[in-house]
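Structure, as structure tokens:
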Ligand code: F1P
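Here's what the structure looks like:
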């Protein structure tokens, strides 16, 4: 059975329709208002989302997995209970959780639809942009964010609005995050666009944010991007650092790391913003790189809106 609701009261108007081929640019620019709308909906959605003390698994594929990773760490750090994150294909069937939260913008991703069907009878919640899709039919409860759906294949605002909704449920100040996202939309990026390679790093809830920044850069711009937990960066990945390359930190970097990177000749990048807001700078970087490389960021090579397997 599926239980569904949508945030009619909270939903703002659709973003301005952009020029063809630039959906992602307009969608990422709408994130501050989207996060505010998600936060306004959070009280209504709360009963379907993890309750304090519950043992929770959060699953997704691609971008949605990285949102799950970031939320899982934040929830445990805020003391709300054990929270694991898995790629949809890697959910450990033998484990018992009080609730499984699946994240899927499209609601059609095969691994997520199959997993929710396999968990039938258990407490499951789907967070999606599309309430009428197969994943919603398989979930016990559905939290819909239709206002954050996107025209671009490359996800930006649905993913971050989902994280804003979940963080609102942890008591985080989403208005402050939205204010920081507005700053992130104005942060200069031009002097970063000549780079040859980028490695994103972060700790805690910023590990998933770094993975998402790297995925965005690969998807939108076919650009060489890696991501690691910041403390693990010294354990091998630093070998890649050299002049012309970037090491981009989400959140405060480990002590001494900026200097170690500087000694390699690579450029250390850091914005004094919450990692979720700083992700907006990386999304802009990815889209600007795509433009510079003559690519259409809305139509990434070899990708579709979701992966539907036969
Ligand atoms: C998940 C996803 C996207 C990715 C690609 C394929 O979609 O992996 O994150 O960018 O377009 O699909 P969804 O399950 O969130 O709809």
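In my numbering, the protein residues as written are 3 to 312. Just so it is clear, CB atoms sit at the ideal spot from N, CA and C, and this is done for glycine as well. Quick caveat: nothing in here was measured; it's all calculated off a predicted structure.
Beta-carbon proximity list for residue i, same chain, < 6 Å, skipping 5 on both sides
| i | result |
| --- | --- |
| residue 292 | 222, 223 and 299 |
| residue 101 | 52, 56, 58 and 125 |
| residue 211 | 72, 204, 252, 277 and 281 |
| residue 147 | 131 and 163 |
| residue 153 | 25 |
| residue 230 | 203 and 239 |
7 Å Cβ shell around residue i - same chain, five flanking residues per side excluded
| i | result |
| --- | --- |
| residue 64 | 217 |
| residue 307 | 108 and 155 |
| residue 165 | 69, 72, 73 and 278 |
| residue 183 | 33, 34, 37, 279 and 282 |
| residue 141 | 4, 104, 118, 126, 127 and 128 |
| residue 195 | 290, 291 and 294 |
| residue 99 | 57, 58 and 59 |
| residue 23 | Annotation note: pLDDT 49 at residue 23 (below 50); position unreliable, coordinate value reported separately. Counting only Cβ-Cβ distances below 7 Å, and skipping sequence neighbours, we find 298 and 300. |
| residue 305 | 155 and 221 |
Residue environment, residue i, which counts as buried when at least 16 other CB atoms sit within 10 Å
| i | result |
| --- | --- |
| residue 240 | buried |
| residue 273 | buried |
| residue 92 | exposed |
| residue 244 | exposed |
| residue 203 | buried |
| residue 276 | buried |
| residue 310 | exposed |
| residue 198 | exposed |
| residue 118 | buried |
| residue 192 | exposed |
| residue 303 | exposed |
| residue 188 | exposed |
| residue 286 | buried |
| residue 215 | buried |
| residue 79 | exposed |
| residue 81 | exposed |
| residue 87 | buried |
| residue 120 | exposed |
| residue 28 | buried |
| residue 31 | buried |
| residue 138 | buried |
Where residue i falls: helix, strand or coil (DSSP)
| i | result |
| --- | --- |
| residue 231 | strand |
| residue 131 | coil |
| residue 178 | helix |
| residue 85 | strand |
| residue 199 | strand |
| residue 266 | helix |
| residue 26 | helix |
| residue 105 | strand |
| residue 90 | helix |
| residue 126 | strand |
| residue 64 | coil |
| residue 247 | strand |
| residue 287 | helix |
| residue 204 | strand |
| residue 222 | helix |
| residue 58 | strand |
| residue 299 | coil |
Under 8 Å between C-beta atoms of residue i and residue j
| i | j | result |
| --- | --- | --- |
| residue 270 | residue 279 | no |
| residue 289 | residue 26 | yes |
| residue 284 | residue 250 | yes |
| residue 256 | residue 227 | no |
| residue 248 | residue 209 | no |
| residue 169 | residue 76 | yes |
| residue 48 | residue 238 | no |
| residue 90 | residue 113 | yes |
| residue 44 | residue 167 | yes |
Neighbourhood of residue i by C-beta distance below 8 Å, restricted to the same chain and skipping five residues each side
| i | result |
| --- | --- |
| residue 185 | 275 and 279 |
| residue 236 | 259 and 262 |
| residue 151 | 107, 131, 132 and 160 |
| residue 136 | 109, 110 and 115 |
| residue 122 | 140 |
Any C-beta of chain C under 8 Å from that of residue i
| i | result |
| --- | --- |
| residue 196 | No chain C is present in this structure, which holds just one protein chain. |
**Touch test, the region 104-116 against the region 132-143, Cβ-Cβ under 8 Å, three pairs minimum** = Yes, the region 104-116 touches the region 132-143.
**Prompt:** Between the region 24-40 and the region 163-183, do three or more beta carbon pairs fall short of 8 Å?
**Reply:** Segments in contact, yes.
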